[in-house]
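Here the protein sequences come in this chain order: X and C. The numbering of the first sequence is our numbering, which starts it at 41 and goes up by one. The numbering of the second sequence is our numbering, which starts it at 6 and goes up by one. Below is one structure, written out as structure tokens; comments come after it.
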Amino acid sequence: MTALLEMRSITKEFPGVKALDKVSLTVAEGEIHAICGENGAGKSTLMKVLSGVYPAGTYDGEIHYDGALAEFRGIRDSEDRGIIIIHQELALVPQLSIAENIFLGNETANGGVINWHEANRRTEELLRKVGLKESPTTLIDSLGVGKQQLVEIAKALSKDVRLLILDEPTAALQENDSQKLLDLMLELKSQGVTSIIISHKLGEVRYVSDTVTVIRDGMSVSTLDAKAGLSEDDIVRDMVGRDMSDRYPERERKAGDMLLEIEDWNAWHPEHAERQIIKNISMNVRAGEVVGIAGLMGSGRTELAMSVFGKSYGRNIDGTVKLHGTPVDVSNVPRAIEAGLAYVTEDRKHLGLVLDETIRFNTTLAKLDNVSRNGVLDSHAETQVAEKYREALRTRTPSVFQKVGNLSGGNQQKVVLAKWLNTAPEVLILDEPTRGIDVGAKYEIYAIINELSAEGKGVVMISSEMPELLGMCDRIYVMNEGAFVGELSAEEASQERIMSLIVNE
Amino acid sequence: MTNSQKGIKAHLAGHMRDYGLLFALIAIMAFFQIVTGGTLMRPVNITNLFLQNSYIIIMALGMLIVIVAGHIDLSVGSVMGFVGALAAVLIVEMDMPVSVTVPICLVVGGLIGAAQGYFVAFWRIPSFIVTLAGMLVFRGLSLWLLEGQSVGPFPREFQILSTGFVGDIFPAAWGTGLAQLFGARNFNVLSFALGLLGAAAVIQMGLKSRARNAQYGIADEPAGLFWGRIAIISAAIVFLMFKLSTFRGLPNVVVTMGVLIMVYAFITSRTVIGRRIYALGGNEKAAKLSGIKTERLTFLAFVNMGVLAALAGMIFAARLNTATPKAGFALELDVIAAVFIGGASMSGGSGKIIGAVVGAFIMGVMNNGMSIMGIGIDYQQVIKGLVLLAAVFFDVYNKNKQA
């Protein structure tokens, strides 16, 4: 097989940082090539160099594409040559239809007048190719993330893609949606499309890819042949530069006294009052216990957590929340915090952090009484608090005066955790605590969770990654369509049992 | 290049916005000082400069908070006009004492702010729309209240809100002595002493925060820049107060304004409520999930704005010694421009009180200087518009370069 793409010793420097240092990447025609690496390793920068976001001349090194030296001056250039990137954050316009999105900027128009029949017909064709059963006129708004991802791919196909680049395509997807997407990639491969996939999920990488390139600290560490059989540990070792035999740190499992009890919890959709989102849920957490909530995306896990945490979601909420056996008032967020609850959001950028502000600002935000007297802030005390958590959580940053927007995903997650630990909660609800962060940082987050449980705090862990739940939890509730459909102890639980509980409901 | 020079350059690049603003103000003042043949810095003109801009600056304090919270208030010009009219009607037509009228007007301002804040905060109607409506409503109500006429003049006790001066507390002989020394006709020792005191305070506070930064190992501005900045600021204070001393001393309104600036600078930078406003503007959802009562905070920002607009309205009416239906017309734009020139971001979450004040002075000095030069109102508007655009462009350009 010949090489479709060859990136030769690419070096890209930003003021003060060398983001890429002589990185080389060779992608053969017709293969699926995975790029693995921790967050901040330089994967996205490399793809930006490739697609022309950083135009030729702003980096050192050469890109050879389709047998010739390529110097892209912008995304338009690379797209014209059939290189199409699908970013982690989808670039669809929610208020427009599938067809409108697919042909956005590339309209099937004659003298500026759009031929909708043609657009819809071609959209139908594309949707069939990606296996999406929706009408071309459906609004993007009404589709789940998984289906939106397929629309993005359909859009790429509409542009005669030769090299398709998927940046963490399954980060926000459920297992079954992920599976569909991966199978689609294999299908496209059989039709001759070359793909690059960037992913943290090593299982997927093994499943689809022919070759794996591992990048660490801005350098290409290794290129592994996946067809010859490759273990996840091989990849992990190259990613972190050390062996990671145990992905879930050990914890002494002991459940203490009853801590949190939620009884007969109901909540309705905030806009559509007739839709019941949370249906009669009861659950409990003991001191020192890590309790998981498994379920598909859209099953209502986040909604459950947020409705309990100060009625941050939903309307007409009813039910009882007890701590240590006594009912507590959680009717708004300050009261929920006061009662001893903390909710660590799944969406740290939008719901967790003020990105333009410093680590210190974010760390103390939920409990400013601790660092102020008579409403006047004590910046000294604030710095101490921020420093304390920086050390305790091993947040990697030059100082606590760094803007959180400049941190990597894992370190941002630690700042969100620090903010909530600073409120001295009894129960922490962690919603997708390791989403979008790399293997090394995940391990550290798990270790922190274990420390919390050792201190006798109760932890509720919501996650879409089943291995993570199985590796971490003492007990797992299984949720589907707003209700609990089962409860499994650590010994009983397995991926198959959880899936069958969801499916057989 | 030596290491320290490199440090200075890097620091300047990182804080372009702060230094740029200060340099811009100095450059603009120097420019007009030269082209007006020294008129700009004459004591009487400096006094005027303060009187003319005090109400803009007072409103800019409230506007900064509204903008940091992620909103905008288009109604402040109308509200200040309306409150000025209300004061005139109460005092001149209904013979109410000034001591009663002033609190009433401040409360009315607060209520107006509350009414607008209610719709913005609790009904989530965009502030642009609510305050656009407010702008029309209170413009109309001013006309109705004054029945289209100008109402005045005000009694002396009300006028001193704006045009009064703080009397000297030092022996008169000191004043005459110093006046002779500096070749001035008279000399207000108190205001000059306050100027020296202010400069000393600036130096002292600067050193204190520098010492604290050093203690925590926070990277601070290089010593050369620090001393340069402190020297310029304290020299400017002493110089301005000296100029005021050789005229009639410290205007009352400068005292009001100075106290308010300090109070608001303190609130925004050092208090819990200030911190929460920045969090609200920076990321409302995250703030709410952190236990911050975002609705109440937004509401309060508008109440505060209303009170300050009322105060500005009374100062404005007192200065003109009459309430006219046109008072405050389009002033909201000057106030908003001052805040944005001062470096606040349209999307909320960033901006400083001191920036808004310097922004207001930049606008004020330009207005004043161009008027002295006899530039027509037509060109003045064009130039002010371009300065606003240039200032914001400069901010954005710097941000992009850093990213």
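Ideal Cβ placement from N, Cα and C applies to all residues, glycine included.
First and last residue of the uninterrupted beta strand (DSSP E) at residue i
i	result
X/HIS73	72-76
X/HIS104	100-105
C/PHE252	Where C/PHE252 is concerned, there is no enclosing beta strand (DSSP E), given that its DSSP letter is neither H nor E.
X/PHE524	523-529
X/LYS319	316-326
X/SER260	259-265
C/THR261	Where C/THR261 is concerned, there is no enclosing beta strand (DSSP E), although the alpha helix (DSSP H) it sits in stretches over 257-275.
X/ILE126	123-126
X/ASN146	Element bounds for X/ASN146: n/a, residue is neither H nor E.
X/VAL518	515-520
X/ALA382	381-384
Within 9 Å, strictly: CB atoms of residue i and residue j
i	j	result
C/ILE346	C/ALA270	no
C/VAL308	C/GLY122	yes
C/SER80	C/SER147	no
X/LYS52	X/ASP117	no
X/GLY354	X/ILE302	no
X/VAL191	X/LEU204	no
X/VAL63	X/GLY258	yes
C/ALA119	C/THR299	no
X/ASP358	X/GLU78	no
X/ASP471	X/ARG341	yes
C/GLY188	C/ALA315	no
C/PHE163	C/ALA323	yes
X/ILE255	X/GLY82	yes
Neighbourhood of residue i by C-beta distance below 8 Å, restricted to the same chain and skipping five residues each side
i	result
C/LEU199	MET246, LEU255
X/HIS127	ASP207
Opening and closing residue of the alpha helix (DSSP H) in which residue i lies
i	result
C/MET64	48-73
X/LYS52	Taken as a continuous stretch (DSSP letters only), X/LYS52 belongs to no alpha helix (DSSP H), being part of the beta strand (DSSP E) at 43-54.
X/VAL252	That residue, X/VAL252, is in no alpha helix (DSSP H); its beta strand (DSSP E) goes 251-256.
C/MET21	21-40
C/ALA361	358-378
C/ALA178	177-187
C/LEU166	161-168
C/THR299	299-325
Residue environment, residue i, which counts as buried when at least 16 other CB atoms sit within 10 Å
i	result
X/TRP305	buried
X/ALA59	buried
C/SER350	buried
C/PRO227	buried
C/LYS331	exposed
C/TYR402	exposed
X/HIS420	exposed
X/GLN135	exposed
X/VAL19	The question about residue 19 of chain X has no answer here: the residues shown for chain X are numbered 41 through 545.
C/THR251	buried
C/THR273	buried
C/VAL344	buried
X/THR42	exposed
X/GLN146	Note on identity: in this sequence residue 146 of chain X is Asn, with Gln being the wrong assignment. Looking at its Cβ environment, which holds fewer than 16 other Cβ atoms inside 10 Å, X/ASN146 is exposed.
C/LYS213	exposed
C/GLY145	exposed
C/PHE133	exposed
X/PRO473	buried
Sequence-distant residues of the same chain with beta carbon closer than 6 Å to residue i, five excluded per side
i	result
X/GLN442	ILE399
X/GLN316	TRP308
X/TYR94	LYS88
X/SER516	In the sequence as displayed, the identity of residue 516 of chain X is Ile instead of Ser. Once the five neighbours on either side are set aside, the close Cβ partners of X/ILE516 are GLY332, ALA334, LEU509, LEU528, ALA533.
Own chain, CB closer than 7 Å to residue i, minus 5 neighbours either side, in chain order
i	result
C/ILE165	ASN257
C/GLY374	PHE37, THR41, LEU45
C/ALA184	ARG190, ASN191, PHE192
heavy atom of the ligand COA below 8 Å from residue i C-beta
i	result
X/LEU226	With respect to the ligand COA, the structure offers nothing, as it holds no ligand at all.
Exercise for the section: Could you pull out every unbroken beta strand (DSSP E) segment of at least 3 residues lying fully inside the segment 336-376 of chain X, listed in chain order? Expected result: Within the segment 336-376 of chain X, the beta strand (DSSP E) runs of at least 3 residues that lie entirely inside it are, in chain order, 355-363.
Practice task
Could I get the ranges of all uninterrupted alpha helix (DSSP H) runs contained in the segment 408-450 of chain X, with 4 residues as the minimum, in chain order?
Solution key: The segment 408-450 of chain X is shown to contain whole alpha helix (DSSP H) runs of 4 or more residues at 419-432, in chain order.
Handout entry: Every unbroken beta strand (DSSP E) inside the segment 452-501 of chain X [3 residues or more]
Key = Counting whole runs of 3 or more residues, the segment 452-501 of chain X contains the beta strand (DSSP E) stretches 467-471.
Handout entry: Whole beta strand (DSSP E) elements within the segment 281-310 of chain X, 3-residue minimum
Key = Those beta strand (DSSP E) runs which fall completely within the segment 281-310 of chain X and span 3+ residues are 298-308.
Practice task
Go through the segment 172-241 of chain X residue by residue and report every complete run of the beta strand (DSSP E) that reaches 3 residues or more, in order.
Solution key: Listed in chain order, they are 203-207, 234-238.
Exercise for the section: Kindly provide the ranges of any beta strand (DSSP E) runs that are 3 or more residues long and lie completely inside the segment 97-143 of chain C, ordered along the chain. Expected result: Given a length threshold of 3 residues, the segment 97-143 of chain C has no whole run of the beta strand (DSSP E) inside it.
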